[in-house]
Structures are given as C-alpha cells and as structure tokens.
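J.:
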Amino acid sequence: MLEELCVIVKKAGDIILSADMSKTRLEQKSSPGDFVTAFDIAVQEMLREELKRLLPEARFIGEESSREEIDTKGYCFIVDPIDGTANFAWDYRHSAVSIALAYNEKIIMGLVYNPYLDELFYAEAGKGAFLNGNRIWVSKRRLKDGLVCFGSSPYDKTKAEATFSLAGFLYKKALDVRRSGSAALDLCYIASGRCDLFYEMSLSPWDYAAASLIVTEADGVITNMRGERLQFREKSSVLAGGRNAYHDFWRVYGEFRYRRTGDD
Numbered sequence: 001m002l003e004e005l006c007v008i009v010k011k012a013g014d015i016i017l018s019a020d021m022s023k024t025r026l027e028q029k030s031s032p033g034d035f036v037t038a039f040d041i042a043v044q045e046m047l048r049e050e051l052k053r054l055l056p057e058a059r060f061i062g063e064e065s066s067r068e069e070i071d072t073k074g075y076c077f078i079v080d081p082i083d084g085t086a087n088f089a090w091d092y093r094h095s096a097v098s099i100a101l102a103y104n105e106k107i108i109m110g111l112v113y114n115p116y117l118d119e120l121f122y123a124e125a126g127k128g129a130f131l132n133g134n135r136i137w138v139s140k141r142r143l144k145d146g147l148v149c150f151g152s153s154p155y156d157k158t159k160a161e162a163t164f165s166l167a168g169f170l171y172k173k174a175l176d177v178r179r180s181g182s183a184a185l186d187l188c189y190i191a192s193g194r195c196d197l198f199y200e201m202s203l204s205p206w207d208y209a210a211a212s213l214i215v216t217e218a219d220g221v222i223t224n225m226r227g228e229r230l231q232f233r234e235k236s237s238v239l240a241g242g243r244n245a246y247h248d249f250w251r252v253y254g255e256f257r258y259r260r261t262g263d264d
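Those letters in the sequence shown? Residues 1 to 264, by our numbering.
#1: Which whole runs of the alpha helix (DSSP H) in the stretch 58-126 are 4 residues long or more, in chain order?
#2: Among Lys144, Phe169, Ile108, which residue has its Cα nearest to the Cα of arginine 259?
#3: Using the three-state DSSP reduction, which class does valine 177 fall into: helix, strand or coil?
#4: Could you tell me how far apart the beta carbons of lysine 10 and leucine 120 are, in whole angstroms, since I believe they sit closer than 8 Å?
#5: Taking the alpha helix (DSSP H) that glycine 13 belongs to, which residues open and close that run?
#6: Considering only their Cβ atoms, is the gap separating tyrosine 189 from leucine 239 smaller than 8 Å?
#7: Can you list, in chain order, the residues of its chain whose CB lies under 7 Å from that of lysine 159, leaving out five sequence neighbours each side?
#8: Going by the beta-carbon positions, is the gap between arginine 142 and alanine 58 smaller than 8 Å?
#9: If you reduce the DSSP assignment to three classes, tell me which class arginine 135 lands in.
#10: Just the C-alpha distance for alanine 183 and serine 95, rounded to the nearest angstrom, thanks.
#11: Per DSSP, what kind of secondary structure is leucine 166 in: helix, strand or coil?
#12: Are there 16 or more other CB atoms within 10 angstroms of the CB of lysine 73, so buried, or fewer, so exposed?
#13: Near alanine 129, which residues of its chain fall below 6 Å by C-beta distance, leaving aside the five closest residues on each side in sequence?
#14: Between the alpha carbons of phenylalanine 60 and glutamate 49, how many angstroms are there, rounded?
#15: With hydrogens ignored, establish whether the beta-carbon of glycine 13 is closer than 7 Å to any heavy atom of the ligand ADP.
#16: To the nearest whole angstrom, what separates the beta carbons of glycine 84 and glycine 181, a pair I think is in contact under 8 Å?
#17: Once the 5 residues before and after aspartate 263 are set aside, which same chain residues still bring their CB inside 6 Å of it?
#18: Would you report the Cα separation of serine 103 and glycine 110, rounded to the nearest angstrom?
#19: Could you say which of Glu255, Asp40, Tyr208 lies nearest to glutamate 234 if we only look at CA atoms?
#20: Below 8 Å on the Cβ atoms is my contact criterion, and I expect aspartate 176 with glycine 242 to pass it. Report the Cβ-Cβ distance as a whole number of Å.
#21: Run through DSSP, which three-state label would glycine 128 get?
#22: Give the straight-line distance between the Cα atoms of serine 66 and leucine 5, rounded to the nearest whole angstrom.
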C-alpha cells in the first residue's frame with residue numbers, strides 16, 4: 001500500500017504545481033489567517049477518491065471537509081491537502097501534501113510531499129523513515145548548537161505572546177530560530193536532521209499526524225508541550241526534536257516559565 005500512497009501523494013503535488021495563483025481566488029475561513037483556495041478543495045477531493053479506491057473501509061478526515069468528530073478507530077486517513085496554504089497562495093513555494101493512515105488510534109503510515117523540491121518524506125510503523133528512498137535520522141545536536149523551528153498558530157492570536165516569547169528565549173539558548181509556515185515540513189526537517197527542535201502551541205491532527213510517525217521512525221521524540229503522547233482526535237500543542245535537543249528543551253523550559261509566571 002505504501003507504494004500506491006507514494007503515487008497518490010505525488011499526483012496531488014502535480015495539482016499544486018499546476019496552480020496559477022494570479023487567477024486563483026483566496027477565501028478566508030472562520031479565523032483571520034486561515035485560508036482556503038480552490039486548489040485545497042481540488043486536491044482533497046482527488047485524495048478522497050483515490051484513497052477510497054485504495055482502502056474502501058477507511059474513514060477520511062480532511063482539513064477542508066466538514067468538522068466531523070475525528071474517530072481513528074479502525075482504518076482512518078487523516079489528510080491535509082495543502083499544509084501551508086498561505087505560503088501556497090503567496091507563491092512562497094514551501095507547502096506540502098500530508099497523508100496519514102491510522103489504525104485503532106495509532107498512525108501506521110505517514111507521507112509528506114513537498115512538490116516544489118520533489119521531496120517525499122515517508123514512514124511505515126516499525127520500518128524506518130525515508131526521504132526519496134534514503135533512510136533519514138534526527139540529529140544528535142544539543143539545543144545550544146541547534147536550529148529551532150516553530151509555528152505561530154496564526155488561527156489563534158491569543159497564543160502569539162507566549163509563542164514569540166518562547167522563540168525569543170530559545171533564540172538565546174540555541175544557534176538560531178526559524179519559522180517556515182508549514183508544520184508538516186518543519187517536523188520532517190526534524191526527522192531528517194535539518195532542524196533540531198520544533199514547537200507549536202496549537203495544531204490540528206491533519207497538521208502533524210503523518211509527520212509524527214516520520215519523526216518517531218527517524219528516532220526522534222514527539223509529544224505535546226506537557227510531555228504527553230499525542231492524540232489525534234483534537235487540536236494539540238506539539239513539541240518534537242532529536243533526543244538531545246528535546247531533553248535540553250525541558251531543562252531550560254522551567255527557566256522560561258519561571259521568568260514568565262514567577263513560579264516553578
């Protein structure tokens with residue numbers, strides 16, 4: 001099945017590459033900064049059809065579908081047709097198609113495809129993580145020597161102060177910080193050792209489901225920002241990294257919280 005999913009996700013990428021953004025209408029959804037285009041819808045509908053053909057018994061949860069309750073019992077595809085829609089709409093050329101297959105609340109396959117670079121990250125539970133057929137691993141760098149990627153939860157501005165305060169704090173503890181606009185790709189960059197730590201204070205399951213498996217299969221660590229195992233039924237904070245950077249984060253995070261709140 002993984003080979004068929006690789007073909008399907010690249011087909012979705014071809015739709016993205018065919019876009020003429022000068023002729024594409026951009027619509028705001030329920031929150032400022034939350035956008036959708038006709039291409040989001042087109043990619044999702046293509047994926048729905050192809051995945052239904054591939055595994056008819058599987059449920060389908062997509063970002064652009066109605067907000068039904070997420071139930072990952074049995075087989076369930078969790079899909080983001082374009083992760084990084086704002087990047088896509090502004091022709092920033094850093095977006096991805098994300099497909100996760102869950103079975104009984106565990107992710108068993110994950111694919112994240114960046115069509116602009118023709119980079120396909122994928123993993124199957126227990127079989128390792130790969131980029132274009134080559135095995136990938138997280139870095140062993142310490143936080144002080146590493147790059148920190150973060151997302152700013154643009155759909156929830158109430159988290160802006162805490163998000164950017166933490167980014168500023170980590171900027172002083174790490175080599176540098178980055179914000180790319182695609183959580184799925186940020187997590188894959190963790191998995192491939194291009195970045196060393198990632199955090200975001202609110203993400204939907206389709207943003208992180210596929211990449212979460214890629215991170216763990218690359219020997220990384222991914223949890224929420226309380227250190228708990230991720231669930232895939234609702235929004236969550238996300239923290240991921242190579243093991244050294246991840247553990248270094250918890251060592252300095254207490255200092256950050258103390259400075260902000262005055263208690264341990």
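Even glycine gets a Cβ: it sits at the ideal position worked out from N, Cα and C.
Predicted, not measured: the structure shown is a model, and the values here were computed from it.
T.: By the coordinates alone:
#1: 85-89
#2: Phe169
#3: strand
#4: 7 Å
#5: 2-17
#6: no
#7: Ser153, Met201, Ser202
#8: no
#9: strand
#10: 9 Å
#11: helix
#12: exposed
#13: Ala123, Ile136, Ala191, Ile214, Glu217, Ala218
#14: 10 Å
#15: This structure lacks the ligand ADP, and indeed carries no ligand of any kind.
#16: 5 Å
#17: Its pLDDT being 46, under 50, aspartate 263 is placed unreliably in this model, and the value from its coordinates should be taken loosely. Result list for aspartate 263: empty, nothing under 6 Å.
#18: Here residue 103 is tyrosine; the residue named in the question, serine, does not match the sequence. Computed Cα separation, rounded: 12 Å.
#19: Tyr208
#20: With a Cβ gap of about 16 Å, aspartate 176 and glycine 242 do not count as contacting.
#21: coil
#22: Bear in mind that the predicted position of serine 66 carries a pLDDT of just 49, short of 50, making it too unreliable to give a figure here.
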